[in-house]
Amino acid sequence: MAKTLIIGSGFAGCTAVRTLRKQGYGDDITVLSPAPELFYYPSLIWVPAGQRTEAHLRIDLRGFFARHRVEHLAGTLTGLDVAGRTARTESGEIAYDYLIVASGGRYIRKLPGIEHAHIACAGWGPTKAFSDRLAALEGGNLVFGFSGNPKEPAAMRGGPVFEFMFGTDTLLRRQGRRERFKLTFFSPAARPGQRMGDKAVDRLLGQMAKRDIATHLGHKPQRLEADRVVTEGGEVPADLILFIPGMTGPAWAADSGLPLSEGGFLKGDAQCRVPDTEGVWVAGDAGSFPGPEWRPKQAHMADLQAETAARNLVAHMAGRPQSHTFRTELICLVDTLNAGSMVYRDDKRSLMVGAGAPMHWMKQAFEWHYLRDYRRPAGP
Ligand SMILES: Cc1cc2nc3c(=O)[nH]c(=O)nc-3n(C[C@H](O)[C@H](O)[C@H](O)COP(=O)(O)OP(=O)(O)OC[C@H]3O[C@@H](n4cnc5c(N)ncnc54)[C@H](O)[C@@H]3O)c2cc1C
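Here it is, written out as structure tokens:
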């Protein structure tokens, strides 16, 4: 009986489980992650408005794991012995035959004064802290921004920052206190969000102008202070900063012996194999894959890569060629709390469609649909 070890129970980890079983993999699956849960990041944007609680976003996977005959080990990977096919954790070692790394990325916290920012994308705690501070403020300067990984331009998370910012604007208007706040968006890029395409950037900047959100663009941030953002092009006063730094790969990867990209991610090829190894695949935010310069780090891509990795693992076990590859596409529903627009990009098209309130409902409906199976409790 072979044993496949999956590191991580996020989007990529869970999709890998589902695909393995769908492809007829009948051997052992072990998932290692801190808790048997999926954290649904995309709905963090609705936390400041009180529309999502922690319980909504932490999805208990015990039912899903039972149905898919998965052994879940609560723990954290600390290192790998690739030649010996052994994973190290704080509480011991796990032997495996095949490995799928789906442990997500990390935010680079090198900018001096980063502790003054709310890195809302990092999870429940930082988003709740941002929400509480926003609720407590009588008025002031709210500053939103993101930056990238200079060594790997694809490793950035900009979409949610626009969503948090537009959502905050809508929320303050709803609360009748928008005029007491100045909102400013800053970015080292002159045209932020360029990976979504030209039209998308024009529309985003147009939205900011329409909502009276100031911009400070094209200047690299130098440091954050308690009451300001300091960039190469000047200062932006700040009572509350929401900032998402660029991303890098898992902390343990540096000593793993696995090949890494310039930006610190595990290298993956078009088949999601980690090159120069046998029996190791990578999927989702943890990996760096070939593709166009606008390739996104998104849950949607994590799912497509996990499916590819799992299908190739099954092919490998059966002695067949690993011929499955994934398509690269960017799909982003940019929500503003009461409306939204959809950005789509693939190698042929790049479009942005505004659809008002129905797009907001669609994003909520998608959440329900996506999580439905994961939420089913154990039992028949
Ligand atoms: C606010 C926000 C909004 C977003 N909106 C969208 C959206 O609308 N659409 C979209 O497609 N994407 C969106 N994304 C991006 C999306 O959430 C990520 O791309 C996605 O979570 C990546 O999935 P993953 O499985 O690679 O990593 P993750 O979801 O981060 O999962 C990683 C898993 O690995 C575990 N783990 C980490 N380190 C270890 C370790 N050392 N040992 C064991 N386990 C470990 C974690 O606990 C977790 O279970 C959004 C992100 C944020 C933050």
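Heads up: take any position in the sequence shown, counting from 1, add 67, and you land on the working numbering.
Beta carbons are placed, not taken as given, at the ideal position from N, Cα and C, and that holds for glycine.
On a predicted model such as this, the values are computed, not experimentally measured, just so you know.
Residue 436 counts as exposed, since fewer than 16 other beta carbons sit within 10 angstroms of its beta carbon. Around the beta-carbon of residue 103, 16 or more other beta-carbon atoms lie within 10 Å, marking it buried. Checking the 7 Å criterion, the Cβ of residue 400 is within range of a heavy atom belonging to ligand 1. Here residue 183 is not near residue 193, since their CB atoms are 8 Å or more apart. Per DSSP, residue 178 lies in no alpha helix (DSSP H) and is assigned neither H nor E. Under the criterion of beta carbons closer than 8 Å, residue 354 and residue 372 qualify as touching, at roughly 7 Å.
Around the CB of residue 113, 16 or more other CB atoms lie within 10 Å, so the residue is classed as buried. Here the alpha carbon of residue 376 sits roughly 7 Å from the alpha carbon of residue 338. If you compare the alpha carbons of 162, 418, 173, 72 with that of residue 316, the shortest gap goes to 173. Approximately 4 Å separates the beta-carbon atoms of residue 212 and residue 253; this is inside 8 Å, confirming the contact.
At least one heavy atom of ligand 1 is found less than 7 Å from the C-beta of residue 369. For residue 198, the uninterrupted alpha helix (DSSP H) segment begins and ends at 191–203. With respect to the 8 Å criterion, residue 408 and residue 426 are classified as neighbours on the basis of their beta carbons. Beta-carbon to beta-carbon, residue 309 and residue 187 are separated by about 5 Å, close enough to satisfy the 8 Å threshold. Bounds of the alpha helix (DSSP H) holding residue 274 are 265–277. Runs of the alpha helix (DSSP H) lying entirely within the stretch 366–445, each at least 4 residues long, are 366–384, 424–442 in chain order. Residue 242 counts as exposed, since fewer than 16 other beta carbons sit within 10 angstroms of its beta carbon. Rounded to the nearest angstrom, the gap between the Cα atoms of residue 246 and residue 262 is 32 Å.
Under DSSP, residue 304 forms a beta bridge with 295. Taking all protein chains shown into account, residue 233 has 16 or more neighbouring C-beta atoms within 10 Å of its C-beta and is therefore buried. Beyond the five residues adjoining it in sequence on each side, residue 106 comes within less than 8 Å, by CB distance, of 77, 124, 125, 126, 190, 191 in the same chain, given in chain order. Relative to ligand 1, residue 441 has its C-beta separated by 7 Å or more from all heavy atoms.
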